[in-house]
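Residue numbers (the working numbering): 8 to 267.
Below is one structure, written out as structure tokens; comments come after it.
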Amino acid sequence: MPAETNWLLFAAMIEVFLLSVNEKIVKTRLFDAVDKFLNIFYVGDGMYGDGLHFHLDYYNSYVIHPMLTDILETLDKKGINKFKSLYPIQKQRCQRYAELLERMISPTGTWPVIGRTLSCKIGVFNALSYAAYKSLLPNNLAPEQVRCALNSVLQTFLSNPNNFDSNGFLTVGLNGEQKDIAEDYISSGSSYHAVTFFIALGIPDNDNFWRGVDVPWTSLRAFSGDTVVLDKAYDEPLSKKVKILKSLKKFRRKIWVLKK
């Protein structure tokens with residue numbers, strides 16, 4: 008099995024693809040990964056830990072939300088009910104995280120320099136673009152507003168010629184060539200996670216995402232003195248079942264820590 012991190016979802020994506028084309032799968036690689044993220048690694052307000060530990064980085068966007076949602080969607084289509092009740096919950100979690108990402112985009116199209124793997128460049132907005140493509144945006148976040156927010160990010164990226172080398176390849180860095188922020192696992196290929204920013208290009212051309220009039224994004228409205236939607240944390244109801252699961256989560260965390 009891969010490491011107890013987002014790597015679990017890479018293995019699960021392979022298995023769920025095999026399932027989708029009616030091939031044999033290794034169930035533990037698929038179901039254990041989904042179970043751990045949905046029931047153990049979730050920390051609240053639309054965010055998951057990258058394993059047992061929560062790190063304030065963009066891995067919820069790079070990997071976790073898009074992959075986990077795709078996996079659950081495929082399981083639902085294949086009639087596998089093991090996680091059926093949690094699929095709508097995951098969609099709500101993804102909605103909230105997309106809302107948070109939109110609020111992170113500054114009036115000038117920049118974003119917080121936090122966490123690791125920043126060399127993915129504009130790929131930090133994978134989950135926001137994905138949520139728009141999957142029609143998973145919350146009701147208070149208009150598709151055309153997300154388009155404008157993402158476009159501001161794209162303009163920031165394209166306005167810096169140092170994002171490309173002399174041969175037209177992406178450089179290593181957040182915005183330009185910044186090798187000092189590249190971890191030892193980063194290569195030139197890592198920068199090409201930036202292409203996930205463009206998932207929204209799959210949205211039909213008659214959708215409001217494209218046809219709606221320009222709408223200022225949240226931070227632009229806020230710092231222009233305009234009205235903004237009040238931000239509210241996403242809390243899930245603490246039913247008896249959830250309380251039991253939370254107690255079980257704490258117990259399982261202790262067991263895993265002891266094992267390590």
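We put the CB at the ideal spot given by N, CA and C, even for glycine.
- In this structure, DSSP gives residue 143 a state outside helix and strand, which the three-state scheme calls coil.
- The Cβ neighbour count for residue 71, taken over all protein chains shown within 10 Å, is at least 16; the residue is labelled buried.
- For the pair residue 76 and residue 17, the Cα-to-Cα distance works out to about 13 Å.
- The beta carbon of residue 74 is closer than 7 Å to those of 16, 20 in its chain, skipping five residues each way along the sequence.
- For a cut-off of 8 Å, the C-beta gap from residue 206 to residue 140 is around 5 Å, short enough to register as a contact.
- Scanning its chain for C-beta atoms nearer than 6 Å, with the 5 sequence neighbours on each side dropped, one finds around residue 236 the residues 147, in chain order.
- Checking the DSSP bridge columns, you'll see residue 49 partnered with 55.
- Leaving aside the five residues that flank residue 55 on each side, the residues in its chain whose CB is nearer than 7 Å to its CB run, in chain order, 44, 48, 49, 67, 71.
- Relative to the Cα of residue 238, the nearest Cα in the group 225, 133, 168 belongs to 225.
- Counting only unbroken stretches of 3 or more residues, no beta strand (DSSP E) element lies wholly within the stretch 86 to 152.
- Judged by DSSP in its simplified three-state form, residue 171 adopts strand.
- Proximity to residue 230 across 32, 184, 115 peaks at 115, based on C-alpha coordinates.
- Counting C-beta pairs with one atom in each stretch, the stretch 186 to 204 and the stretch 121 to 132 have three or more that are closer than 8 Å, which means they touch.
- Residue pairing for residue 177: DSSP places it in a beta bridge opposite 171.
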